[in-house]
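Peer 1:
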Amino acid sequence: MASDHAGKPNEQTTDKNTTPTSQQQQGPPIQWPPQSHPPQVCYPPAIVPPNAQFHGYNALPPGGRYGPYPYPYPPPGPYYGQGYIQSEHRHPCSGACRCFLAFLILVIVILLLTKLIIWATLLPRFPVFHVANMHVTNFNTDANPFTARWETEIRIENPNTKLYLYVDGMEVFMNYNDKYDVGTTWINPMFMESKNKTSMQVVINTGKSAHHAVPIWIAQDMGKDQKNGGVNFVLKIKVWVTLKSGMWLWFRRSLMLNVECDDLKVNFGNSSREGTLEYIKDREDCYVSA
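Residue numbers (the working numbering): 1 to 290.
So this is what it looks like as structure tokens:
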């Protein structure tokens, strides 16, 4: 009994001596080196082969760390920062080119709008041509070369209310059945005010020279039509005109117009040398195109 009681204190003593205290278990506090960056979460270093390459970086130094950083890769800050700095270096001409392009577009838009406003205000229109009468004399299809004389009355109208019409020149062609030009002449320049009408007498002679003679087969075809009662002619005119505005809203436009007056049938009747234009009550105006 005594031996049993004597052994217990020894066990307690042994337990006290062998059991470490909590302070001894924790050990001394860890001293972290001073850092200039915010604290980061530490992860265990990665196991990397000695000669491994990571995204263009060199192999990791011994221990798998870069300096005081606990990561197996270097900090990404300088890399992305370098890319951001490079994006800030723009071409010196980019801003000037954009300003010049915007200015050019603005000028074009202003010019188009100005032209549209002027066009809507003035409403320019082509002059009107109308054949009032025609008389043919000395019409001889048997002669060599063929001879004829056309006297045509043409009425011209300037329908514009705010534009003057300057006729710089006119070349008139007498065409047979819309196939062949049998005569031509030139008309002197003229001036017409707005909303004005005028008439002129156009005389065309052919057969004066053999250089511009009408082919024989054309004269024979006109002779056949003449015996049948009438010959169809087409009057074609090339007109060089200029439209001008006398208002403060200045406007000027030069054009070359093509005028075609068709369905001009000349009846010769009993006479084989003279003929007149067939009467049509509401004869249409000549067709004008630019």
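Backbone N, C-alpha and C define an ideal beta-carbon position, used for all residues, glycine too.
Could you give the DSSP three-state label for residue 23: helix, strand or coil?
Peer 2: Note on residue 23: pLDDT 48, under 50, position unreliable in the model; no value is reported.
Peer 1: Exposed or buried, which one is residue 226 when buried takes at least 16 other CB atoms within 10 Å?
Peer 2: Per the 10 Å Cβ criterion, buried.
Peer 1: Excluding the 5 residues flanking residue 185 on each side, which residues of the same chain have their C-beta closer than 6 Å to its C-beta?
Peer 2: Result list for residue 185: 172 and 204, in chain order.
Peer 1: What's the gap between the Cα of residue 265 and the Cα of residue 169?
Peer 2: When rounded, the distance between both Cα atoms is 27 Å.
Peer 1: Between the alpha carbons of residue 263 and residue 232, how many angstroms are there, rounded?
Peer 2: Cα to Cα, the separation comes out at about 6 Å.
Peer 1: Would you list the residues sitting across from residue 256 in a DSSP beta bridge?
Peer 2: According to DSSP, residue 256 bridges with 240.
Peer 1: What distance in whole Å lies between the Cβ atoms of residue 243 and residue 124, which are believed to be in contact at a cut-off of 8 Å?
Peer 2: Indeed they touch by this definition, with Cβ atoms about 5 Å apart.
Peer 1: Going by other Cβ atoms of all chains shown within 10 Å of its Cβ, with 16 needed for buried, is residue 109 buried or exposed?
Peer 2: Per the 10 Å Cβ criterion, exposed.
Peer 1: Alpha carbon to alpha carbon, what distance is there between residue 258 and residue 224?
Peer 2: The alpha-carbon atoms of residue 224 and residue 258 are separated by roughly 30 Å.
Peer 1: Is the beta carbon of residue 199 closer than 8 Å to that of residue 290?
Peer 2: No, Cβ-Cβ distance for residue 290 and residue 199 is not below 8 Å.
Peer 1: In terms of DSSP beta bridges, what is residue 187 paired with?
Peer 2: In the DSSP output, where bridge partners are listed per residue, residue 187 has 170.
Peer 1: Just how far apart, CA to CA, sit residue 129 and residue 117?
Peer 2: So the alpha carbons of these two residues sit roughly 28 Å apart.
Peer 1: Please say whether residue 146 and residue 202 have beta carbons closer to each other than 8 Å?
Peer 2: No.
Peer 1: Start and end of the alpha helix (DSSP H) containing residue 223?
Peer 2: Here the alpha helix (DSSP H) through residue 223 covers 216–227.
Peer 1: Taking three-plus beta-carbon pairs below 8 Å as touching, is the region 274–290 in contact with the region 182–197?
Peer 2: Result no; under three Cβ-Cβ pairs closer than 8 Å.
Peer 1: Less than 8 Å between the CB atoms is what I'm expecting for residue 156 and residue 127, so what's the real figure, rounded?
Peer 2: Going by Cβ atoms, the distance from residue 156 to residue 127 rounds to 6 Å, so yes, they are a contact pair.
Peer 1: Taking the beta strand (DSSP E) that residue 197 belongs to, which residues open and close that run?
Peer 2: Start and end: 196–206.
Peer 1: In chain order, what residues of the same chain have a beta carbon less than 6 Å from the beta carbon of residue 136, not counting five sequence neighbours either side?
Peer 2: Cβ neighbours of residue 136 beyond the five flanking positions: 150, 266 and 275.
Peer 1: Between 240, 286 and 113, which lies nearest to residue 190 when the distance is taken from Cα to Cα?
Peer 2: Selected option, being the one with the closest Cα: 240.
Peer 1: Indicate the three-state DSSP secondary structure (helix, strand or coil) for residue 99 in the structure shown.
Peer 2: In this structure, residue 99 counts as helix in the three-state DSSP scheme.
Peer 1: Report the rounded CA-to-CA distance for residue 252 versus residue 246, giving the unit in angstroms.
Peer 2: Cα to Cα, residue 252 sits roughly 10 Å from residue 246.
Peer 1: Would you check if the distance between the CB atom of residue 192 and the CB atom of residue 158 is smaller than 8 Å?
Peer 2: A contact, by the Cβ cut-off of 8 Å.
Peer 1: Report the rounded CA-to-CA distance for residue 179 versus residue 162, giving the unit in angstroms.
Peer 2: Residue 179 and residue 162: Cα-Cα distance of roughly 39 Å.
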